[in-house]
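Visitor: What follows is a single structure, and I will ask about it in a moment.
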Ligand SMILES: Cc1cc2nc3c(=O)[nH]c(=O)nc-3n(C[C@H](O)[C@H](O)[C@H](O)COP(=O)(O)OP(=O)(O)OC[C@H]3O[C@@H](n4cnc5c(N)ncnc54)[C@H](O)[C@@H]3O)c2cc1C
């Protein structure tokens, strides 16, 4: 039993999972959220790895992700309109599963809503010997520990001067959906202006959830429709929903995730381009590590913070390397690069063992 209240900055999915872990372990906690309530994102989906799904189901049996998420059984990667790589394996029941961000948020926060202080913007943080003080625009909170789970523009990170590196892609992400017989196959196109992901998604009907990343300022609907024609994508555009979002994409990574009685997790510590569908999965990986060592971490025992930082930073550096290489290779490649990438993926396609290794890696948080 841990008597000191634990503070969590941010009521995103990662903050909610931390709340669930603390509740399970009977640790008192408070979540501080700047929005006045949950802000819905109707067309946002996330693809969760098998490891994330098993972990979330283990936290709360009502989560039951296998019941309502949509499994991806195959992933097809295209360089423009040429199919270069198909990822699927008989050994794997599914690569990952797609679920609505809103529905996931609802399930994660079920049972912990009363712990959230909505409409409080964090303005000042003081880290003292035995406590952490968090001053918001409404009141002062005192806790024995603080988790910074306040997302891509984390205030915890900036107020405490965590060192970080940032990489701006000059792209925005827009989301939408379109009715489609998806056959549980995900498609990812690497185009000149960014990536287009079509993820199988069931919600009453079958849809493709669309994540359209672009570096142009053109109207996303018109641009997407042009791409559908250019790349011969087989969807019925009359059922296309409005594009929402316009999320500015950046990659950022802190060089150290811990400071005194404060740990950063989720997007506050690392944010990636959505092309690999990994940011939330890695954030869930952070919470898995915290759950395993919860009391050591809360009491700053046995080098637990150092271990957390080392393990999670290693994983994030590997993922950074993969995503930055993919981004570098696919954004504006020359003719020669084009040939190498296309042929390289085709070559990979002929090697089931290597493909299984890729699937295995992509499914570990
Ligand atoms: C289009 C798109 C598609 C994506 N697809 C995938 C995918 O398929 N798979 C995947 O793994 N990831 C995906 N991601 C990434 C994933 O959505 C994020 O990694 C994840 O939602 C981050 O969760 P979080 O809880 O860390 O942060 P957030 O969800 O950003 O939550 C942070 C919370 O902190 C609050 N907050 C911020 N500042 C303050 C403050 N000063 N005071 C109090 N509260 C504050 C915010 O209001 C927010 O509620 C995608 C991202 C995008 C943009």
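In this note's numbering, the protein residues as written are 8 to 372.
We put the CB at the ideal spot given by N, CA and C, even for glycine.
(1) Let me know the secondary structure DSSP gives residue 299 once reduced to three states.
(2) Beta-carbon within less than 6 Å of residue 106's beta-carbon, same chain only, minus the 5 sequence neighbours each way: which residues are those?
(3) Sort 18, 26, 20, 48 by Cα distance to residue 182 and report the nearest one.
(4) First and last residue of the beta strand (DSSP E) that includes residue 258?
(5) Kindly examine ligand 1 and report whether one of its heavy atoms sits closer than 6 Å to the Cβ of residue 286.
(6) Going by C-alpha to C-alpha distance, which of 59, 63, 17 sits closest to residue 154?
(7) Alpha carbons only, please: which of 305, 272, 299, 325 is nearest the one belonging to residue 316?
(8) Tell me where the beta strand (DSSP E) around residue 91 begins and ends.
(9) Kindly provide the ranges of any beta strand (DSSP E) runs that are 3 or more residues long and lie completely inside the region 132-167, ordered along the chain.
(10) Quick check on this structure: which residue in 113, 270, 321, 62 has the alpha carbon closest to the alpha carbon of residue 152?
(11) Kindly list the residues whose CB is nearer than 6 Å to the CB of residue 131, restricted to its own chain and excluding five residues on each side of it in sequence; keep chain order.
(12) So, are the CB atoms of residue 41 and residue 128 less than 7 Å apart?
(13) Among 117, 126, 85, 93, whose alpha-carbon lies nearest the alpha-carbon of residue 359?
(14) Taking one C-beta from the region 209-224 and one from the region 188-199 each time, how about it: are there three or more such pairs within less than 8 Å?
(15) Report yes if the CB atom of residue 278 is closer than 7 Å to the CB atom of residue 25, and no otherwise.
(16) To which residues of the same chain is residue 8 closer than 7 Å at the C-beta, ignoring the five residues directly before and after it?
(17) Whole angstroms is fine: what's the gap from residue 387's alpha carbon to residue 150's?
(18) Can you tell me whether residue 17 sits near ligand 1, meaning its C-beta is under 6 Å from at least one heavy atom of the ligand?
(19) Whose C-alpha, out of 174, 39, 103, is nearest the C-alpha of residue 72?
(20) Suppose only complete runs of 4+ residues qualify. What are the alpha helix (DSSP H) ranges in the region 178-256, listed by chain order?
(21) Could you give the DSSP three-state label for residue 116: helix, strand or coil?
(22) Specify the secondary structure class of residue 267 as computed by DSSP and reduced to three states.
(23) Tell me whether residue 88 is buried or exposed, calling it buried when 16 or more other Cβ atoms sit within 10 Å of its Cβ.
(24) Alpha carbons only, please: which of 148, 111, 218, 167 is nearest the one belonging to residue 123?
Guide: Reading off the structure:
(1) helix
(2) 76
(3) 48
(4) 251-261
(5) yes
(6) 17
(7) 272
(8) 89-94
(9) 139-143, 147-150, 152-155
(10) 270
(11) 142
(12) yes
(13) 93
(14) yes
(15) no
(16) Summary for residue 8: the model assigns pLDDT 47, below 50, so the residue's position carries little reliability; its value from the coordinates is reported in the next sentence. The answer, listed in chain order, is 33.
(17) Because the chain in this structure spans residues 8 to 372, residue 387 falls outside the shown range and cannot be described.
(18) yes
(19) 103
(20) 227-237
(21) helix
(22) coil
(23) exposed
(24) 148
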